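One point on numbering: in the numbering used here, the residue at position 104 of the sequence shown is 183, and numbering is uninterrupted.
Where is the CB? At the ideal position from N, CA and C, for every residue including glycine.
Keep in mind it's a predicted model, so treat the numbers as computed, not measured.
Here's the structure, in structure tokens; my notes come after.
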Amino acid sequence: TNRGSNVTIADVRYNRGWGGGMLIANAKVELNDVEVVDNKTSNSGGTVGYGAGIYAFNNADITFRNVKINDNKGGNNGGGMWLADGNLTAYNSQFNNNSASGTAAGLHGYPNATITLYNCEIKNNSNTSYGAGLYVRENSKAYVINSLISGNKSTSANGGGGVMLYGGTTVYLISSTIVNNTSTGPGGGVYRRNLVNNLEIYNSLVAGNIQAS
Numbered sequence: 080t081n082r083g084s085n086v087t088i089a090d091v092r093y094n095r096g097w098g099g100g101m102l103i104a105n106a107k108v109e110l111n112d113v114e115v116v117d118n119k120t121s122n123s124g125g126t127v128g129y130g131a132g133i134y135a136f137n138n139a140d141i142t143f144r145n146v147k148i149n150d151n152k153g154g155n156n157g158g159g160m161w162l163a164d165g166n167l168t169a170y171n172s173q174f175n176n177n178s179a180s181g182t183a184a185g186l187h188g189y190p191n192a193t194i195t196l197y198n199c200e201i202k203n204n205s206n207t208s209y210g211a212g213l214y215v216r217e218n219s220k221a222y223v224i225n226s227l228i229s230g231n232k233s234t235s236a237n238g239g240g241g242v243m244l245y246g247g248t249t250v251y252l253i254s255s256t257i258v259n260n261t262s263t264g265p266g267g268g269v270y271r272r273n274l275v276n277n278l279e280i281y282n283s284l285v286a287g288n289i290q291a292s
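What follows is the structure, encoded as structure tokens:
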């Protein structure tokens, strides 16, 4: 849809170019046994939109149970899901095989997002800039619990294969596995960049990741 046009509902402005599959704002949403797959953002209006699978913002409070955010293709930033100014709690869910011609192929929290993952997968996502797998930025937090982040690939010298922290964030890796992610730039496994980013790792494996040099 045309990113150059908008619609306003209950004083919230929705850009028609955001969210190829779903666009969520100012709402409490639960998805159970749902697949958001094979969506894309277009270049209608001359500029490609954000968040090919799901774009959620403006105090969205989202819960996933057995949800698949897979095989979505973003022509700009955000392949699988982009969460801005909201909360996501996901159980037994997937963010796999998404792509982006920009940042954040798998799951993106930016800004002021809180992401909590239990028994989830972020696998085989690919992009051309920062943060191929899980990318948290600007006052965002992520709790990654008993989850797998694997096979994600960034082809940019900017860096960030598996997990990326940028601009004042906090990430907890708890009983999780970060393996076989690659980046043409720095930080094949986990990359911290810009301002103070806090990383705490407990009972987890970070191994077999590759960066350029």
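Query                                                                                                               : Result
For residue 236, the nearest candidate out of 209, 251, 215 (CA to CA)                                              : 209
Top-ranked residue by Cα proximity to residue 321, from 274, 276, 269, 279                                          : Here the chain comprises residues numbered 80 to 292, so residue 321 is not present and cannot be evaluated.
Beta-bridge partners of residue 207, as assigned by DSSP                                                            : None, per the DSSP bridge assignment.
Residue 172 versus 91, 88, 107, 202, residue with shortest Cα-Cα distance                                           : 202
Alpha helix (DSSP H) runs contained entirely in the segment 205 to 269, provided each spans 4 or more residues      : none
Residue 200 classed as buried or exposed, judged by whether at least 16 other C-beta atoms fall within 10 angstroms : buried
Residue environment, residue 90, which counts as buried when at least 16 other CB atoms sit within 10 Å             : exposed
Where the beta strand (DSSP E) containing residue 104 begins and where it ends                                      : 101 to 104
Pairwise C-alpha distance: residue 288 and residue 161                                                              : 24 angstroms
3 or more residues per run - each beta strand (DSSP E) lying fully within the segment 132 to 171                    : 133 to 136, 140 to 144, 147 to 149, 160 to 162, 166 to 170
At least three beta-carbon pairs within less than 8 angstroms, the segment 174 to 183 to the segment 135 to 145     : no
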